[in-house]
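Undergrad: I have a structure I would like to understand better, so I am pasting it below and will then ask my questions one at a time.
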């Protein structure tokens with residue numbers, strides 16, 4: 033009976049919703065299509081023809097900011113929305129400036145779930161609550177999803193996402209919802225969703241928990257490299273003529289009296305170059321605030337008494353090894369233990385899991401908490417097979433991003449958080465664009481620039497950014513990497529990475545690649561062995577306005593987001609390469625290394641990872657295990673000193689014909705040397721093995737090295753006397 037009621041209820045709600053949404057969807061699609069055709073035609077005729085070939089240097093951009101008498105528009109904030117505003121404005125022919133206090137995409141825009149999506153849950157609420165605003169939000173996001181996949185094909189792709197079903201009644205319920213999602217997408221759909229049997233679901237996702245599994249539904253959304261996408265938008269704006277500069281902070285807003293109304297109107301901003309300390313004025317007819325979580329900070333520069341509209345929410349993500357998920361299939365948990373949604377997605381050959389959603393304070397340096405990391409791990413355990421041990425030690429990186437939810441200042445109900453974005457104009461003319469999400473950055477930018485054009489009577493046509501290729505996308509093809517391999521002698525993996533990161537600009541990076549001195553690959557020296565990032569990307573990253581080592585490990589490459597230990601390993605080489613290009617002194621190099629190390633430690637989860645093994649770690653081993661590990665330890669500690677040194681390890685390795693660099697050995701021992709006295713003591717080794725057994729530490733080089741050495745020595749049998757000529 034319960035099943036029949038569920039089916040009837042689903043059919044009634046779904047049938048009525050389908051009919052309603054179908055009519056609205058087709059009409060909205062027709063209207064949007066007419067606008068898009070005009071926009072794309074205008075873009076093709078007037079935009080591409082004026083795109084400059086060379087990207088101006090940061091010095092040239094700063095000179096432009098300081099020497100231009102007056103810009104039409106000054107945008108504060110270099111995230112996705114701010115960069116989108118700059119691109120929209122400059123392609124309309126407006127004199128445009130963009131300043132960012134840190135680096136492009138240094139905030140929320142680089143710390144997302146990496147999805148380009150319409151919002152399945154928003155659609156569910158739209159149908160269940162008959163909320164037309166929610167429907168419009170999903171419809172807009174699905175259109176923007178299709179556009180983003182088209183204009184940046186090298187940085188984005190369609191991704192199938194599985195929704196596992198563990199109760200029979202959920203199958204028709206979720207099927208109707210996902211089919212509605214397809215229907216609302218209409219002509220902008222990626223691929224049609226489909227149902228999988230239990231057997232087929234396990235074939236696609238063998239790590240899945242199979243007990244009580246009924247089947248699964250697979251739908252499609254988009255995925256991208258968020259920081260590179262943000263950077264690509266900003267660089268495209270710069271190539272079209274926008275004066276864009278990172279590490280330029282707005283210190284205050286400039287105002288002058290309007291002769292017509294006698295009111296004080298914003299006319300620019302006092303800025304500071306954070307790298308040199310130089311201050312200067314940037315004058316503009318219109319100023320747009322696109323600072324995400326810091327929206328209210330800039331609004332209060334305009335008016336100290338204005339009320340806050342930003343409601344910050346922290347979302348934590350973790351990265352785990354790629355074997356935790358299939359290479360091309362994601363997973364969605366629509367109802368976690370506390371009602372939050374968890375995504376489990378393949379990304380850059382790793383697995384990304386998240387996100388949490390909890391209130392937070394606004395900060396430039398959000399830190400992932402151990403509580404949030406463990407919450408995600410526990411939810412992942414619920415969906416993976418018991419054969420897969422989900423270990424805390426397998427968290428390779430973790431980060432927290434601040435989602436800037438907003439309250440519409442014009443709303444009568446000040447408690448309601450706007451699900452869509454908000455464009456607000458203050459009495460002095462400051463335009464604030466806030467809210468929304470990554471996927472809708474372009475439409476948010478369009479609305480903000482439309483408001484600026486209307487408020488200031490600028491002579492500018494409609495937005496031209498629909499269908500406008502971002503840097504690297506126009507001449508990219510799925511086989512571009514083959515040309516890189518054939519023409520330059522790059523490894524196939526490196527070539528694929530360059531093509532999917534830089535698009536048709538990958539040739540420029542390949543030309544800068546160093547000769548390896550090997551038979552193959554001919555060029556392309558890696559920064560770190562297990563990732564395809566090469567030294568040439570550091571040199572090219574400086575051309576892309578990278579100013580610090582943090583810029584390089586987190587946004588020009590994504591090392592920090594993929595593996596904090598690998599990023600730390602690559603840091604000295606990156607700092608050295610940047611130092612040569614930027615003429616850094618030894619003191620500057622040490623400073624950069626220190627700042628980047630702290631960034632990895634606090635903001636990328638290294639602190640949480642390293643704290644899994646501390647002086648206070650408990651040893652919870654069975655007596656038999658303790659004896660086994662003591663025996664292994666004493667194979668290295670021949671003199672029964674109670675500790676082992678580099679010399680002890682070298683001696684054992686030489687006995688099994690293994691050679692290892694002393695510097696590498698020193699690093700391996702330092703990972704376990706808790707009291708930092710240059711020795712690994714028995715207690716420290718037992719703490720390590722206890723943490724390894726509990727899954728709190730994984731991939732310990734010392735633990736694996738000592739186990740391998742023990743097995744190698746144990747497998748060696750003495751040579752028989754007759755084989756040794758009787759010992760003579």
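In my numbering, the protein residues as written are 33 to 760.
Glycine included, C-beta positions come from ideal geometry on N, C-alpha and C.
As the structure is a prediction and not an experimental result, all values here were calculated from the model.
#1: Along the alpha helix (DSSP H) that carries residue 117, what are the first and last residues, could you check?
#2: Grab the span of the beta strand (DSSP E) containing residue 429 for me, first residue to last.
#3: Please state whether DSSP places residue 722 in a helix, a strand or coil.
#4: In chain order, what residues of the same chain lie with their CB nearer than 7 angstroms to the CB of residue 492, ignoring the 5 residues before and after it?
#5: Would you decide whether residue 164 is buried or exposed? Buried here means 16 or more other CB atoms lie within 10 Å of its CB.
#6: Rounded C-beta distance between residue 306 and residue 427? I'm assuming under 8 angstroms.
#7: Can you name the start and end residues of the beta strand (DSSP E) that residue 424 belongs to?
#8: By alpha-carbon positions, which one of 357, 213 and 265 ends up nearest to residue 235?
#9: So what does DSSP say about residue 633, is it helix, strand or coil?
#10: Using DSSP with H/G/I as helix, E/B as strand and the rest coil, what is residue 21?
#11: For residue 110, is the classification buried or exposed, using 16 other Cβ atoms within 10 angstroms of its Cβ as the cut-off for buried?
#12: Where does residue 66 land, buried or exposed, given buried means 16+ other C-beta within 10 angstroms?
#13: Between the alpha carbons of residue 184 and residue 505, how many angstroms are there, rounded?
#14: Answer yes if the segment 338 to 351 comes into contact with the segment 423 to 442, meaning at least three C-beta pairs across the two stretches below 8 angstroms, and no otherwise.
#15: Would you say residue 576 and residue 203 are within 8 angstroms of each other, going by their C-beta atoms?
#16: Pair every Cβ in the segment 606 to 619 with every Cβ in the segment 404 to 419, then say whether three or more of these pairs are closer than 8 angstroms.
#17: For residue 551, is the classification buried or exposed, using 16 other Cβ atoms within 10 angstroms of its Cβ as the cut-off for buried?
#18: Compute the distance between the beta-carbons of residue 146 and residue 220, then report whether it is under 8 angstroms.
#19: Quick check: the Cα distance between residue 72 and residue 154, rounded to an integer number of angstroms?
#20: Using 10 angstroms around the beta-carbon of residue 456, count the other beta-carbons present and answer buried if the total reaches 16, otherwise exposed.
#21: What would DSSP say about residue 220, mapped onto helix, strand or coil?
#22: Could you tell me which whole beta strand (DSSP E) segments of length 3 or greater appear in the segment 270 to 336?
#23: Does residue 396 pass the burial test, meaning 16 or more other C-beta atoms within 10 Å, or should it be called exposed?
#24: Where do the N-terminal and C-terminal ends of the beta strand (DSSP E) with residue 573 fall, by residue?
#25: Reducing DSSP to helix, strand and coil, say where residue 246 ends up.
#26: Taking only three categories from DSSP, how would you classify residue 729?
#27: Does residue 374 pass the burial test, meaning 16 or more other C-beta atoms within 10 Å, or should it be called exposed?
#28: Would you mind reading off the limits of the beta strand (DSSP E) that contains residue 189?
#29: Taking residue 687 as the reference, give the member of 558, 745, 309 and 673 with the closest Cα.
#30: Sorted by chain position, which residues of the same chain lie with C-beta nearer than 7 angstroms to residue 199's C-beta, five sequence neighbours on each side aside?
#31: Can you tell me the Cα-Cα spacing of residue 415 and residue 240, whole angstroms?
#32: Excluding the 5 residues flanking residue 394 on each side, which residues of the same chain have their C-beta closer than 7 angstroms to its C-beta?
#33: So, helix, strand or coil for residue 397, using DSSP?
#34: Starting from residue 653, follow the beta strand (DSSP E) in both directions and report where the run begins and ends.
#35: Give a yes or no on whether the C-beta atoms belonging to residue 134 and residue 470 are separated by under 8 angstroms.
#36: So for residue 501, helix, strand or coil by DSSP?
TA: Concretely, from the data shown:
#1: First-last of the alpha helix (DSSP H) with residue 117: 112 to 123.
#2: That run of the beta strand (DSSP E) goes 429 to 438.
#3: Residue 722: helix per DSSP, three-state reduction.
#4: Excluding positions up to five away in sequence, the list reads 124, 125, 126 and 485.
#5: Within a 10 Å sphere around the beta-carbon of residue 164 sit fewer than 16 other beta-carbons, which makes this residue exposed.
#6: The pair is not a contact, with the Cβ atoms about 32 angstroms apart (cut-off 8 angstroms).
#7: Neither: residue 424 is in no beta strand (DSSP E) and is coded neither H nor E.
#8: Checking every option, the nearest Cα to that of residue 235 belongs to 357.
#9: In the three-state reduction of the DSSP assignment, residue 633 falls in the helix class, which pools H, G and I.
#10: Outside the displayed span of the chain (33 to 760) sits residue 21, for which this structure offers no information.
#11: When all chains shown are included, residue 110 counts as buried.
#12: Because the pLDDT of residue 66 is 41, which lies under 50, any placement of that residue in the model is unreliable, and the number read from its coordinates should be weighed accordingly. Residue environment: residue 66 is assigned as exposed (fewer than 16 neighbouring CB atoms within 10 Å of its CB, all protein chains considered).
#13: One Cα belongs to residue 184, the other to residue 505, and the distance between them is close to 5 angstroms.
#14: These segments touch.
#15: By the CB criterion at 8 angstroms, residue 576 and residue 203 fall outside the cutoff.
#16: Result no; under three Cβ-Cβ pairs closer than 8 angstroms.
#17: Residue 551 is exposed by the Cβ-count criterion.
#18: Inclusion of residue 146 and residue 220 in the CB contact set at 8 angstroms is not warranted, their separation being larger than that value.
#19: In this prediction, residue 72 has a pLDDT of 41, which is less than 50 and means its spatial position is unreliable; nothing more can be read from the coordinates.
#20: Answer is buried; the Cβ neighbour count reaches 16.
#21: Of the three classes helix, strand and coil, the one that applies to residue 220 here is helix, per DSSP.
#22: Those beta strand (DSSP E) runs which fall completely within the segment 270 to 336 and span 3+ residues are 275 to 277, 280 to 289, 296 to 305 and 311 to 321.
#23: Exposed: under 16 other Cβ atoms inside 10 Å.
#24: It is not in any beta strand (DSSP E) - residue 573 instead sits in the alpha helix (DSSP H) that spans 568 to 575.
#25: Looking at residue 246 - three-state DSSP - the assignment turns out to be coil, as it is neither helix nor strand.
#26: In the three-state DSSP reduction, residue 729 falls in the coil class, being neither helix nor strand.
#27: So residue 374 counts as buried.
#28: Looking at the DSSP string, the run of the beta strand (DSSP E) that includes residue 189 is 188 to 197.
#29: Cα-wise, what sits closest to residue 687 is 745.
#30: Closer than 7 angstroms at Cβ, skipping near neighbours: 246.
#31: Counting only the Cα atoms, residue 240 lies some 6 angstroms from residue 415.
#32: Residues 325, 326, 344 and 434 of the same chain have their beta carbon placed closer than 7 angstroms to that of residue 394, with the five preceding and five following residues left out of the count.
#33: Residue state for residue 397 is assigned as coil, using DSSP reduced to three classes.
#34: Counted as a single uninterrupted DSSP element, the stretch harbouring residue 653 is not any beta strand (DSSP E), since DSSP gives it neither H nor E.
#35: No.
#36: Residue state, collapsed to three classes: coil.
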